[in-house]
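Right, one structure below, let's go through it.
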Amino acid sequence: MRPFLKPSLFSRPVRRLSVVSRQGRVLRAGMGSLALCTLTGLAAAGAAGANAAEQSAAAAMPSASGAAVAQRDAGPLEWMMRAHQPASAAAVQGAPAVAHAATTASSRHRAASSSAPASGTGAAAGAEPPGVPAREAAALYAQHCASCHGATRMGAMGPALLPESLERLRHGTIVQTIRDGRPATQMQAYGRTLTEAQIRGIARWLQQAPEQAPRWTEADMRASHHTFVQPDYGPVAPVFRADPRNLFVVVEAGDHHVSILDGDTFTPLTRFASHYALHGGPKFSPDGRFVYFGSRDGWVSQYDLYRLQKVAEIRVGINTRNVAVSDDGKWVMAGNTLPNTLVLLDAHGLAPVRTYPVVDRQGHPSRVSAVYDAAPRKSFVVALKDAPELWEISCDPHAEPLYKGLVHDYRLKEAMPTPAYLEPRVIPLDVVLDDFYFDPDYRYVMGASRAGKGEVISLLSGAKVADLPLRGMPHLGSGITFRHDGHLYMASTNLQTSSVTVIDMGTWKVVKDIPLPGPGFFLRSHEDTPYMWADSMMSPTARDTLSIIDKRTLQVVRELRLRPGKTNAHVEFTRDGRYALVSIMENPGELVVVDARTLREVKSLPMSKPIGKYNVFNKVTRSEGTSH
């Protein structure tokens, strides 16, 4: 899942006034302009049932008053794809905000430097007024911005401001943010402090690569690592009476919190502060006891659902795509877009174990598109964003060895074998995959680019077995499977076209494009319901509409508008499929409980922009109606 909070570009929630990094790096630049980062208060995030240690840790987390607020004037597609990286409370309290160890700059980083227009010049003749020269813009940044965003632009109390993190934003949006600020955040308006030329100069300078390429080393990871408790990993009883397999983990982006919800009574058990812009959906240990979060700003967190307390956290990069948990619960893999790395963590406490440089066969670095676990194969599967490659990393100590390069017959031992345990197996592709989906047996990968080109890859042979005739921007990562009349189908929404695409997984042919009132992002179902639910949240006019589709007829049988004019999205079912929970993605927002049989509303819970909710049972059992 992608984040659905519209991030405050140059902001972060309120923190304690402690901005000293390790290695003696004190972010002094621009402290005379401390109004940018004025801390207005603290709020403890401890909720009922949390112990004293958790409450103490939560006190350093973001307050609701400092949360970023989504703006009505931006369409969902624009803000959904943004990636900004504010530092966490741990970084503010002593972990390094930036790292200076030498690594190879990415090709994207070099490209950004060469392709970005020079400061002081318009993008085209008469397109916009010129800004101040780059040298003056850099000085203005040091004076007004560095105290929050770091002297090297890699984040401190505010997010990193690098071409890689700003690439989804238009130049005008950055200019507007500097000029007008962001409501309810620490990002103040500089329209009366700086001239228009100064603002435009800073904006264009931020879109150019800094002299020092972004880096994050294992030493930086270890310095950021923090353990809150040492849990007993043996059998323990939950501290509550609710069914631990029917809990919902609800991500509230409005004020950067997570709520744990009893799925039988729909009452909250606890609520705690999270890191900024959780992304990719939380992932669970196989027994459902622990949940792991990855945030856009590079932080991975471990939370004990039985004890309702945070276990550990670590910053694995500057910009993280998502995380995955191995089938045996031993490992967590985090995929980064900045720097270009995969990071393997011990699932019991998140200590770093290994860092994989993400480099293609030609030696070019690449961002990570997505990483998921393939449980039946005891492996992680990774798609590269800048190279036509799929990686599989086995978590099985007894995995068959790898034979790299050209081999006539590996069974004849013609080449030197490489142990496959925790080693990448590279599968070449015809296209670069932005996202992908597995068949239920995890034998095949269905992948697609944002340009609509897709293909099916056999994980057994490593070869393409079919092309997928997809169009628009398919969102396969939010796809579902279902069975009807002896056929296995896969269905996916589309970020550009107003339809749900249904594919026969026996023939790999599109059997139908079901029309929707607008482009959608999420599709959900359950094995015990005849319906699948699709939103149209990418539409400026139909974002309040849920389409109920009969899986037997592939027809829309009803449209729901639970809150007309507001974004209705991301459906998740209870363990038994009886109730569907719908997010009203507003701030303030709601979580609406709907009877999945009668389609009638039965309850509503106030929430702060609930962007997603995840049922423990459906996730750990890999329900056919939920995404991986």
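So the sequence shown is numbered by the working numbering: it starts at 1318 and just counts up by one. The beta carbon of each residue, even a glycine, is placed where N, CA and C say it ideally should be.
Annotation for S1464: the continuous alpha helix (DSSP H) segment containing it runs A1463 to H1466.
Using a Cβ distance threshold of 9 Å, M1822 and L1793 do not count as a contacting pair. Scanning the segment 1875-1937 for uninterrupted alpha helix (DSSP H) segments of 4 residues or longer gives 1933-1937, listed from N- to C-terminal end. Within a 10 Å sphere around the beta-carbon of Q1524 sit 16 or more other beta-carbons, which makes this residue buried. Taking C-beta separations shorter than 7 Å and ignoring five residues to either side along the sequence, the partners of R1869 in its chain run H1801 and P1847, following chain order.
The residues H1843 and A1897, in chain order, have a CB closer than 6 Å to that of F1890 in the same chain once the five nearest residues on each side in sequence are set aside. Within a 10 Å sphere around the beta-carbon of Q1679 sit fewer than 16 other beta-carbons, which makes this residue exposed. With fewer than 16 other CB atoms across the displayed protein chains lying within 10 angstroms of its CB, P1923 is exposed. Comparing alpha-carbon positions, the option among F1934, D1537, T1862 and L1785 lying closest to G1605 turns out to be F1934. A contact between stretches requires three or more CB pairs, one per stretch, nearer than 8 Å, and the segment 1527-1546 fails this requirement with the segment 1493-1500. Membership of V1492 in the alpha helix (DSSP H) is indicated by the continuous run H1488 to D1497. Nearest Cα to A1768 within the set V1911, P1757 and R1788: R1788.
G1796 and A1808 do touch by the CB rule: their CB atoms are close to 6 Å apart, below 8 Å.
Taking the CA atoms as reference points, L1908 sits about 34 Å from L1661. Under the three-state reduction of DSSP output, D1537 falls in the helix class.
C-alpha of H1681 to C-alpha of V1675: approximately 8 Å in a straight line.
I1901 and Q1515 have their alpha carbons spaced roughly 39 Å apart. Beta-bridge pairing by DSSP links W1648 to D1663. Selection P1603, L1457, R1875 and P1480 evaluated against I1495 yields L1457 as nearest (Cα-Cα). As DSSP reads the structure, W1708 sits in a beta bridge with V1699 and V1743.
G1518: member of the alpha helix (DSSP H) spanning E1513 to L1523, first to last residue. If you draw a straight line from the Cα of G1779 to the Cα of R1638, it is about 24 Å long.
DSSP places P1480 in the uninterrupted alpha helix (DSSP H) bounded by P1480 to L1483. Annotation for V1685: R1638, G1652, N1653, T1654, L1659, V1675, V1699, L1701 and K1702 place their beta carbon closer than 7 Å to its own, counting only its chain and skipping 5 residues before and after. Excluding its 5 nearest sequence neighbours in each direction, L1739 has C-beta neighbours in its own chain below 8 Å: L1661, R1671, I1710, S1711 and C1712, listed in chain order. Between Y1623 and P1561, the CB-CB gap stays under 9 Å. With distances taken between CA atoms, G1835 lies nearest to Q1813 out of V1827, Q1813, W1825 and V1828. Y1609 is the residue among L1879, Y1609 and E1918 whose C-alpha sits nearest the C-alpha of P1599. Per DSSP, the unbroken beta strand (DSSP E) holding F1753 starts and ends at D1752 to F1755. Separation of A1540 and V1633 (C-alpha to C-alpha, rounded to the nearest whole angstrom) is 11 Å. Per the C-alpha coordinates, the member of C1462, L1478 and P1476 positioned closest to A1506 is C1462. Assignment of Y1550 by DSSP, reduced to helix, strand and coil, places it in the coil class.
Taking the Cα positions, D1861 is about 15 Å away from V1911. Secondary-structure assignment with DSSP links V1676 through a beta bridge to P1682. Per the C-alpha coordinates, the member of Y1550, I1635, L1916 and I1865 positioned closest to E1535 is I1635. Under the three-state reduction of DSSP, P1561 is assigned to helix.
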